[in-house]
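Residue 146 in the UniProt record's numbering is what sits at position 134 of the sequence shown, and the numbering runs on without skipping anything.
Written below as structure tokens is the structure these notes are about.
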Amino acid sequence: GTVALGRHALVLRGLALPWVEDLMPALQALERESPFRNMTTRGGHTMSVALTSCGELGWVSDRRGYRYASIDPDTGRPWPVMPDAFRRLARHAADKAGLGPFEPDACLVNRYAPGSRMGLHQDSNEKDRGAPIVSVSLGIPAVFLFGGFRRGDKAQRVPLFHGDVVVWGGDDRMRFHGVLPLKPAEHPLLGPCRINLTFRKAG
Ligand code: MD3
Ligand code: FE
Numbered sequence: 013g014t015v016a017l018g019r020h021a022l023v024l025r026g027l028a029l030p031w032v033e034d035l036m037p038a039l040q041a042l043e044r045e046s047p048f049r050n051m052t053t054r055g056g057h058t059m060s061v062a063l064t065s066c067g068e069l070g071w072v073s074d075r076r077g078y079r080y081a082s083i084d085p086d087t088g089r090p091w092p093v094m095p096d097a098f099r100r101l102a103r104h105a106a107d108k109a110g111l112g113p114f115e116p117d118a119c120l121v122n123r124y125a126p127g128s129r130m131g132l133h134q135d136s137n138e139k140d141r142g143a144p145i146v147s148v149s150l151g152i153p154a155v156f157l158f159g160g161f162r163r164g165d166k167a168q169r170v171p172l173f174h175g176d177v178v179v180w181g182g183d184d185r186m187r188f189h190g191v192l193p194l195k196p197a198e199h200p201l202l203g204p205c206r207i208n209l210t211f212r213k214a215g
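Here it is as structure tokens:
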């Protein structure tokens with residue numbers, strides 16, 4: 013089933029399910045190379061979501077603010093190579109949504125525990141605003157907030173489950189969005205955890 017959230021925002025329910033057995037070992041290898049870390053906001057608060065990255069560029073935050081960088085500051089090494097299964101799933105999803113071809117150079121990996129949340133924000137650090145963003149949800153469910161173009165605009169609530177893929181492009185790329193605090197839950201593969209892979213063309 014495909015659900016349209018906006019003109020260029022599509023939920024592809026369960027699209028990642030056949031890929032999970034290839035995604036999981038790649039994710040484990042990736043987090044051994046560049047472990048999850050809790051970043052700080054510009055205001056100095058610690059985020060409840062843990063983050064790592066793979067691909068040519070990853071997401072870093074420090075006193076200077078947020079940006080994409082080619083070196084993981086926690087390891088001093090380049091980010092892990094984007095696993096083939098990750099890249100192929102991202103391309104497949106963008107094609108399926110009619111927003112391909114997509115060549116991501118960054119994959120941000122967010123890890124949520126029960127209670128973790130992500131406040132409303134816009135993703136505006138990517139140079140190529142014409143490229144879509146592909147997001148893959150794994151593990152326990154979350155409620156995604158799909159807002160408007162101003163912070164105060166009313167947001168639609170969209171439940172996202174294990175295996176769901178969302179593709180955002182065109183006009184919908186600059187919408188405010190976030191994730192409500194996760195309810196306590198257990199997933200048979202991931203335990204009390206949600207993983208979100210977001211693929212971007214950042215550079
Ligand atoms: C809609 N992550 O990492 S993914 C983020 O579930 C982020 O971890 C959320 O927002 C998560 O920045 C949501 C879906 C997503 C990603 C980027 C978007 C939705 C978006 C950019 C524009 C509009
Ligand atoms: Fe975002």
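Beta carbons: idealized from backbone N, C-alpha and C, even for Gly.
Cβ shell of residue i (< 7 angstroms), same chain only, five flanking positions each side left out
i: G159; result: L132, D165, A167, R187, F188 and H189
i: W31; result: A97 and L101
i: K213; result: E115, P116, D117, E138, D140 and A143
i: P153; result: P171, L172, F173 and A197
i: A38; result: P95, A97 and F98
Pick from the options that is closest to residue i, judged by C-alpha positions
i: R76; options: G56, E138 and S149; result: G56
i: G181; options: K108, L194 and R79; result: K108
i: Y124; options: V155, I83, A81 and S136; result: V155
i: T53; options: V61, D84 and P85; result: V61
i: T87; options: E45, D74 and V191; result: E45
i: L201; options: K139, T64, Q40 and L17; result: Q40
i: P144; options: L63, L22 and G151; result: L22
i: F48; options: P92, D117 and V148; result: P92
i: V191; options: V170, P37 and D184; result: V170
i: H199; options: G151, S82 and P37; result: G151
i: R185; options: R206, S147, K195 and G203; result: S147
i: N50; options: V72, D34, E33 and M36; result: V72
i: P90; options: G70, F161, A106 and A16; result: G70
Close beta carbons around residue i, own chain, < 6 angstroms, minus the five adjacent residues each side
i: C119; result: C66, G67, M94, F98, L209 and F211
i: P193; result: G127 and R129
i: N122; result: V61, L63 and N208
i: S149; result: L172, D176 and N208
i: L111; result: P144, V179 and G181
i: R103; result: F114
i: G13; result: R25
Within-8 angstroms CB hit, residue i to chain C
i: T87; result: Looking for chain C here will not work: only one protein chain is present.
Supposed close pair residue i, residue j - CB separation, criterion 8 angstroms
i: T58; j: E43; result: About 19 angstroms separates the two Cβ atoms, so there is no contact after all.
i: G18; j: K139; result: With 8 angstroms as the limit, G18 and K139 do not qualify as a contact, their Cβ atoms being about 22 angstroms apart.
i: D135; j: H20; result: Actually they do not touch by this definition, with Cβ atoms about 14 angstroms apart.
Close beta carbons around residue i, own chain, < 8 angstroms, minus the five adjacent residues each side
i: D74; result: T52 and P85
In chain order, each beta strand (DSSP E) run of at least 3 residues that lies wholly inside the UniProt domain "Fe2OG dioxygenase" (115 to 215): Within the UniProt domain "Fe2OG dioxygenase" (115 to 215), complete beta strand (DSSP E) segments of at least 3 residues are found at 118 to 124, 130 to 133, 145 to 151, 154 to 158, 168 to 172, 177 to 180, 189 to 191 and 206 to 212, given in chain order.
At least three beta-carbon pairs within less than 8 angstroms, the region 18 to 37 to the region 171 to 181: Yes: the two stretches touch, three or more of their Cβ pairs being nearer than 8 angstroms.
Uninterrupted beta strand (DSSP E) stretches inside the region 75 to 112 (no shorter than 3 residues): Counting only runs of 3 or more, we get 77 to 81.
Contiguous alpha helix (DSSP H) assignments of at least 4 residues, all confined to the region 16 to 84: Scanning the region 16 to 84 from its first residue to its last, the whole alpha helix (DSSP H) runs of 4-plus residues come out as 32 to 45.
Below 6 angstroms from a heavy atom of ligand 3 - residues by beta-carbon: Although ligand 3 was asked about, the structure shown includes only ligand 1 and ligand 2 as ligands.
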